[in-house]
Every structure is written in structure tokens, then in C-alpha cells.
Amino acid sequence: MSQTATFVFCAILATAYSADRKFPPGFIFGAGTSSYQIEGGWNVTDKSESIWDVFAHTPGKVRNDDNGDIACDSYNKWKDDVQMAADLGLHFYRFSLSWPRLLPTGFPNEISEDGKNYYNNLIDGLLEKGIQPVITIYHWELPQRLQNLGGWTNPSITDWFADYARVVYTLYADRVKTWITINEPIIMCDLSYNTGVTAPGIKDPLASYMCGKHVMIAHAKAWRIYDKEFKPKHKGRVSVTNQLIWFEAKTPEEEELAKLTRDLSVGLHSHPIYSKEGGWPPVIEEYIAKKSKEEGYARSRLPEFTPEEIELVKGTYDFYALNYYTGGTIRKARDGETIDPWPLSGLPELEAVIEKRPEWKKSEVYWFSVYPEGLRKQLVWLKENYGDLEFLIVENGYPSIGLNLQDLNRISCIEGHLEQILLAIKEDGINITGYTVWSLMDNFEWNEGYSIKFGLYEVDFADPARTRTPRASAHYYASVIKSHTLDVNIVENKHITDEL
Ligand code: NOJ
Numbered sequence: 001m002s003q004t005a006t007f008v009f010c011a012i013l014a015t016a017y018s019a020d021r022k023f024p025p026g027f028i029f030g031a032g033t034s035s036y037q038i039e040g041g042w043n044v045t046d047k048s049e050s051i052w053d054v055f056a057h058t059p060g061k062v063r064n065d066d067n068g069d070i071a072c073d074s075y076n077k078w079k080d081d082v083q084m085a086a087d088l089g090l091h092f093y094r095f096s097l098s099w100p101r102l103l104p105t106g107f108p109n110e111i112s113e114d115g116k117n118y119y120n121n122l123i124d125g126l127l128e129k130g131i132q133p134v135i136t137i138y139h140w141e142l143p144q145r146l147q148n149l150g151g152w153t154n155p156s157i158t159d160w161f162a163d164y165a166r167v168v169y170t171l172y173a174d175r176v177k178t179w180i181t182i183n184e185p186i187i188m189c190d191l192s193y194n195t196g197v198t199a200p201g202i203k204d205p206l207a208s209y210m211c212g213k214h215v216m217i218a219h220a221k222a223w224r225i226y227d228k229e230f231k232p233k234h235k236g237r238v239s240v241t242n243q244l245i246w247f248e249a250k251t252p253e254e255e256e257l258a259k260l261t262r263d264l265s266v267g268l269h270s271h272p273i274y275s276k277e278g279g280w281p282p283v284i285e286e287y288i289a290k291k292s293k294e295e296g297y298a299r300s301r302l303p304e305f306t307p308e309e310i311e312l313v314k315g316t317y318d319f320y321a322l323n324y325y326t327g328g329t330i331r332k333a334r335d336g337e338t339i340d341p342w343p344l345s346g347l348p349e350l351e352a353v354i355e356k357r358p359e360w361k362k363s364e365v366y367w368f369s370v371y372p373e374g375l376r377k378q379l380v381w382l383k384e385n386y387g388d389l390e391f392l393i394v395e396n397g398y399p400s401i402g403l404n405l406q407d408l409n410r411i412s413c414i415e416g417h418l419e420q421i422l423l424a425i426k427e428d429g430i431n432i433t434g435y436t437v438w439s440l441m442d443n444f445e446w447n448e449g450y451s452i453k454f455g456l457y458e459v460d461f462a463d464p465a466r467t468r469t470p471r472a473s474a475h476y477y478a479s480v481i482k483s484h485t486l487d488v489n490i491v492e493n494k495h496i497t498d499e500l
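Position 149 (the sequence shown) corresponds to 149 in the numbering used here; numbering is contiguous.
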């Protein structure tokens, strides 16, 4: 760490080597962020408004009416971000591109010089420190103009996105070798278009599945553009990332319902890409068609894929990217019970209720409890369903509230997940090649504003300089990366023992 003063708080040592706590050679470690959550610079030069600019500027939409106008000020402080990534010893840094910063009209007729240079500088800065850039092309920052045209419910978005993807490959594929097309299709479509708690705040039970279909086709078009036009020369790889909550039955009698919930939550955006036959998971397709008929619709609320679309989407991956945070138990709803659609708006559809087991460690954040074993179970499920794929974990982390440099809960959460990853690799033979902590630093947590913290680095949002300070978890993670093992101990010291 460059900030030596922080060793006042804690010291971390790698202990004697133990083979089963060692990561395979070539296993890579990273940390992630996304553009709206950290950049700020919302109205600089020719950047246009995104759906998040508009949403967060609307009173009452975001907790405390926070917005990303300045956020972590990474638009101005990107060199600090790079230095933090270097201090951690990251092998890669996952960040996203702001569509309206790069293409102010939303279309490739105008490419912003300022936007182009911002990401050029960031990419070059990372490479100079030996850190691989991993780029998410779309992490929820849609140009508002495209939303005015229907956003992800308009089928034309599949071409708008493909055109945008071609621009970014043209600008950066010479230096960027790992790409994520779209972040978390199911969460993005549910929260943006069904529960409406995130931008653009639409609440329409039809819109979410329309979005779900268009996201699959947009991803597939972008994957195919890279595969055909860029891969032969640049030899990189592209995938989409899914948010996977591990759903398991509350009691053995509820196994069927839990299976159906997994088929919806994981299968909806995996089956079209990774299964041999492609298309929606048949059990989900039938279920929603039947429900839609009962509700009096002329056709299923889940739009069909044509045979050509099934072929277009099938096989569009180079690895399986996943974001994992938590698990839930599933039970059948009681008669008349109101079902909370969080975190999957299909829960009311399935008449399924999600709960947590009492033995799972709770956090301060209502939706999160620590369940690392769920990650291993999820990986086994994916391997059983889609085969022996390469898995890259592109998000995992611990949410907390309030300022706290001694984040021991975050350390134990990260360690717990890394233990399960090692077990999955060594006991289950799963090919996991990398792990990403969300997040490099505290940032704008969408509709929760700045109230929820995920950072290895604490950011002082009251300070115009947006000072960043490494937490104990930053030191811990740096030691894991350096030693390439989990044999890392936090040496006792006053502050830590006080908290324990
Ligand atoms: C997943 C999203 O990709 C990210 O933007 C968000 O901050 C984290 N989950 C934490 O909720």
C-alpha cells in the first residue's frame, strides 16, 4: 500500500503455505466499478443525459435524493483509481463505459472526443501499471434519448446497442481483451421496467420480459460483431454477466418450486446462450404462456424467439460471467399472502416467497445475508446444466452502512466466498479462472444512493476532494493477491481487537 499510515490500523501476514488454500496458477483477481456509480462529470463537454441523470434528478426517486453528478469524481480522479488498483496488486480492473459520454446522440454519428480520450487515458493508465482492463459495455447508463424512444422495450435497441458496441471495439479492442456486453439482464429489466425502483422507473409487467428478450438479442449481436470483425486480429473474449442469487427449497417438499425459481432467475438469461437447444427454458416458457392465457392475454407475456433468433443467440459466449452476492430459501406463498417482488419480480408470478435461513449471518443491509456455500452450489448447478464452461466471477462483495475502516465483516465475507471457490475448483472440478470484488471503492448504489457501501476503499462523499482511504479489507485483499493463497492472517492490534 502506498498509504503507509494505514498500517497503524492493521497488519496482515501471509502464513506458512498450505496447498489447499492456494489458488491455481493463472487464477486472477480484480475489483469492479461502473461508470454512473463513480464517474460524476455528468454534464461536462458534449456528454448527454443518461436515464440515471434524469431519474436521480427527480425528487423522491433515490434515497436522500442523492445523485451521481459528482459521485467519486473519477472523471477527474481516474489516476487515483488506477493507483488504488495498483496498490491492491489487482490483475484486472472491471469498469464500464458511459454510452452518453461516448456517443452523445446515442448513435455513432457523433463520437465524443472527450469521452473517447477519458477511456483511452484510463485504459493506458491501467496497462502502464500492468493491470488488465475488463470493460462492461453497458452497466445501465442508457442515453435518455433512447429511452424516449422506448429504451429496452423497443426492438430497435438491439441494433442501437450493436452499433455502439462496434464503436467501442473499434476504439479499444487493440488494448482490451475481456469484454462484458451487458450487466445483469434480469436485475436491469426487473428493476427498471417492472418494479420501477431504478431508472427509468417504469412499472409495467409486460415491459420487463420485452426488455429481457431484447437484451439477449442485443448481447448476441454485439458478441457476433466482435467474433467476426475483431477477434481474428485482437484475440479477446466477450460474454454477458448474470446476477445469480442461489435459491434453495425451504423444506424438501418445496424442491420443485425452488427448481422453477432457479429456471426463471438463472435460466431465463442463461438457457438462450449456454444450452444446446437455445431459446427460453421450456418449463418457464410454458409456465408464463399458461399464466398469460389465464389472465386473458392473446399471447404470452414472455415474447417468443423466432427460430432465427434462437440460432442468433445460442452459443454467444467465450466464458460464463457471474455476479454472486447472496442466497434465499423458497417456499410456496400462503393463500392471500402479499409477495414481495424483490429481488426477482417473477416471484409473485411463481407464487414463491423468498426468505433467509436463520443461521445465515445477516448484514446491516436488508437484502443481504452471507451465504458463500450458495456460490459453490450455484456453480455446480451451472456446470450440471450447461457443461464444463470457464467461469469468471465478475462481482462479489459485502454491503455495509456508515463509515468504518475496520471492516472485518467484509473480510470474512470475501474469505468465505474465496474458500468456496477453492472448494469448487478442487473438489467439484469447476473451471473458475478469476474473482472480482465489488467494489474498488464506495460509490453510488443506485436507488440507495450513497447509503450503502461496498468499497475496499472508503470514499468521503462530504469532502469535495472525495478522499479515498483503504479499509482493512483492502489490506486483506492485497495480501491474498500477493500470496496467491488464503493463508493470510490479520495480526492482532488494538483497533481490531476492540471491534472483535
Ligand atoms: C450488482 C450491480 O452490478 C452493481 O452495479 C451494484 O452496485 C452491485 N450489484 C451491488 O448491489
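Virtual Cβ for every residue (Gly too), placed ideally from N, Cα, C.
Buried/exposed call for residue i, threshold 16 Cβ in 10 Å
i: P185; result: buried
i: Y172; result: buried
i: Y317; result: buried
i: K79; result: exposed
i: L90; result: buried
i: T33; result: buried
i: F250; result: In the sequence on display, residue 250 carries Lys and not Phe. Classification for K250: buried.
i: D263; result: buried
i: G115; result: buried
i: I481; result: buried
i: T306; result: exposed
Proximity winner among the options, relative to residue i (alpha-carbon distances)
i: F27; options: P470, I452, K426; result: K426
i: Y398; options: K377, Y366, K383, Q378; result: Y366
i: E295; options: P281, E349, A472; result: E349
i: V54; options: A289, G201, Q420, G89; result: G201
i: V167; options: T198, V134, F230, I123; result: F230
i: N121; options: W160, T195, D81; result: D81
i: E355; options: E373, E364, P372, A333; result: A333
i: H269; options: H219, I225, E253; result: H219
i: G315; options: D227, P372, K233, L257; result: D227
i: F391; options: I401, S400, T436; result: T436
i: S192; options: W179, I180, M210; result: M210
Residues near residue i in its chain [Cβ-Cβ closer than 6 Å; skip 5 each side]
i: E128; result: none
i: Y324; result: L244, L375, N396
i: K377; result: W246
i: N447; result: V62, V197, T198
i: S98; result: S35, E141
i: Y287; result: none
i: C189; result: S208, C211, G212
Chain C within 8 Å of residue i, Cβ atoms only
i: S265; result: Among the chains in the structure shown there is no chain C, since it carries only a single protein chain.
Three-way DSSP call (helix, strand, coil) for residue i in this model
i: S451; result: coil
i: A218; result: helix
i: A249; result: strand
i: A31; result: strand
i: W140; result: coil
i: W367; result: coil
i: L392; result: strand
i: T485; result: strand
i: K377; result: helix
i: G243; result: In the sequence on display, residue 243 carries Gln and not Gly. Three-state DSSP puts Q243 in a strand.
i: E355; result: strand
i: F305; result: coil
i: T195; result: coil
i: I330; result: strand
i: K61; result: coil
i: K231; result: helix
i: K22; result: strand
i: N431; result: strand
i: K259; result: helix
i: S275; result: coil
i: S300; result: coil
i: S50; result: strand
i: V266; result: coil
i: C413; result: helix
7 Å Cβ shell around residue i - same chain, five flanking residues per side excluded
i: E415; result: L486
i: K362; result: S369
i: L206; result: R301
Residues bridged to residue i [DSSP beta-bridge criterion]
i: W179; result: I135, V238
i: V468; result: A quick correction: the sequence has Arg, not Val, at residue 468. R468 is bridged to V459.
i: F92; result: G30, Q132
i: A321; result: T241, L392
i: T436; result: G30
i: S400; result: K453
i: M441; result: Y457
i: K362; result: S369
Cut-off 8 Å between Cβ atoms - residues of its own chain near residue i, not counting five sequence neighbours on either side
i: S439; result: A31, G32, T33, Q37, G397, F454, G455, L456
Closer than 7 Å: residue i CB and nearest the ligand ATP heavy atom
i: F461; result: This structure lacks the ligand ATP; its bound ligands are the ligand NOJ.
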